[in-house]
Each structure stands twice: as C-alpha cells, then as structure tokens.
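**Student:** Using numbering that gives the first Met the number 0, read the sequence shown as starting at 0 and increasing by one per residue.
Positions of the beta carbon are idealized from the N, C-alpha and C atoms, including for glycine.
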Amino acid sequence: MLAKRFNEAFEYRNGELYWKIMTNPSKKLIGKKAGCQSSGAYGVVNLDSKSYSLHKVIFCMHNGYMPPIVDHINGNKSDHRIENLRAATHQSNNWNKVTQSNNKLGKKNISWHKQNQKYWVQLVQNRKKVVSVFVDNLELAELVAIEARNKYHGEFANHGAR
C-alpha cells in the first residue's frame, strides 16, 4: 500500500516531509528535508524510482489513499499543510481557482455585455450554463455571482483574488 510506504519513508512536519530511511547508502538523508521544487509550483519527491507530487504524498500519508487531484484550499500551491489539502475532482479544483489574469473586470463569473449595456453574470456547471443573469451594477453582479458559486460550488466556491 502506497500510504504505508510513504509513512515508512517520510516524517511529516507542518507541510513538509523529512526522510526516515536511507534510499542510497552514499547519501545520509535521514532527518533531512525530502523533495525539491519541480518545474511546476508543487514540488516533487522521488521514492522507489518514482516521482510524486509533495502535496499528494502528504495527503496520502494522512488519508490512506491518493486521489487523482488534491486541491490546495487556500490556493497557495506551496502550502502543503494537511489542513490545507483536500481531495477534489478536476471540476471542483477549477472552481477553487482565483480570477483569471485576462479578466478585464477582475471579477469572477462577471463580464460586461456591450449590446445590453449591463453586467452579465454566468456560471457553468457540468458544461451547462446554470446561471445567466444581466444586472445593472457591478456590486449587485458580484453578490449574484457569490450566491451562485456558494450554491453550485459549495465548499469549493472561491470568490476571486487571494
């Protein structure tokens, strides 16, 4: 079982892993920090000739299984504290993203509709538009978007910038 192997090899301390075993006799790793930053933001660790994302290893060590996707609740991809990690689907992981940098208004799920001269609140769930509302002012549009995200995204509702 993967969780058992991870717990044999690593000690978890406040979002970081430390070696408990010697994987190479020439390297004295016991007690040293495990893993390194990968080309992505998550960091990786190698064990038994395989690479694993640090956050997935930590989740697996604490929960006994490794889901395909582990979400960082606070959106900080380098914060691997167990209380900041949860199993997710691809869709729910996307719900927890911050507002995209190319968003002209800087508001999630809101755009300006030129033809109607109104703010357009849109929310898609399972590839279907579940909310499509035109609103006169931005403040009201934000409230409508927040309510929609809370209703449809639940605990994964992220309301924009962090």
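1) Helix, strand or coil for Val97, going by three-state DSSP, please let me know.
2) Where His79 and Tyr51 are concerned, what is the direct C-alpha to C-alpha distance, given to the nearest angstrom?
3) Round the Cβ separation of Ala147 and Val120 to the nearest angstrom and send it over; I've been treating them as touching at under 8 angstroms.
4) Going by the DSSP bridge assignment, what does Val143 pair with across the sheet?
5) Rounded to whole angstroms, what's the CA-CA distance from Glu141 to Gly30? Just pull it up for me.
6) Our contact map puts Lys150 next to Asp135 with C-beta atoms below 8 angstroms; I'd like the distance itself, whole angstroms only.
7) Taking buried to mean at least 16 other C-beta atoms within 10 Å of its own C-beta, is Ile109 buried or exposed?
8) Within the continuous beta strand (DSSP E) that includes Asn45, where are the two ends?
9) Taking 8 angstroms as the threshold (C-beta atoms), are Lys76 and Ala33 in contact?
10) Whole angstroms is fine: what's the gap from His71's alpha carbon to Lys103's?
11) Taking DSSP as the reference, what is the three-state secondary structure of Ile29?
12) Could you tell me which residues DSSP pairs with Ala87 in its beta bridges?
13) For Trp18, collect the residues of the same chain with a Cβ closer than 6 angstroms to its Cβ; drop the 5 residues on either side in sequence, then sort them by chain order.
14) Within a Cβ cutoff of 6 angstroms, which residues of the same chain sit near His152, ignoring the five residues on either side of it in sequence?
**Tutor:** Reading off the structure:
1) coil
2) 13 angstroms
3) 7 angstroms
4) The partner list for Val143 (beta bridge, DSSP) is empty, contrary to what the question assumes.
5) 49 angstroms
6) Not really, about 22 angstroms apart at Cβ, beyond 8 angstroms.
7) buried
8) 43-46
9) no
10) 26 angstroms
11) coil
12) Ile68
13) Leu28, Ile29, Lys31, Ala33
14) Trp94
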